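Asks: Structure below; questions to follow.
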Amino acid sequence: MNKPEQPLSDRTIREPECRQITGLCRSTRYMMEKEGTFPARRKLGGRAVGWLLSEVTAWQHSRSKQTPKQAG
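The sequence shown stops at residue 97 when you use the working numbering, and every number in between is there.
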């Protein structure tokens, strides 16, 4: 059987790409995830985790719409 293709914008990204996109270090993102202010990691198997690119992109857009007072 063929697997349905995941849209390019909804692919899973790993740590280095997530860091490059967000500009946030791992510990900051994990802390924000715990607070509910960053998308949750998804377990990929073993110790590997990733994020959906669409969720990280939506998070970025929501942050860019905030005023500096809201973001701080």
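Every residue gets a Cβ at the ideal spot worked out from N, C-alpha and C, and that includes glycine.
Computed from a predicted model, the values in this text were never measured in an experiment.
Which value, in whole angstroms, describes the spacing of the CA atoms of G75 and S89?
Replies: In a straight line, the C-alpha of G75 is about 23 angstroms away from that of S89.
Asks: With H, G and I counted as helix, E and B as strand and the rest as coil, what does DSSP make of L77?
Replies: Three-state result, L77: strand.
Asks: Reducing DSSP to helix, strand and coil, say where T82 ends up.
Replies: In this structure, T82 counts as helix in the three-state DSSP scheme.
Asks: Which runs of the beta strand (DSSP E) spanning at least 3 residues fall entirely within the segment 46–70, listed in chain order?
Replies: Listed in chain order, they are 67–70.
Asks: To which residues of the same chain is R39 closer than 7 angstroms at the C-beta, ignoring the five residues directly before and after it?
Replies: Once the five neighbours on either side are set aside, the close Cβ partners of R39 are G75.
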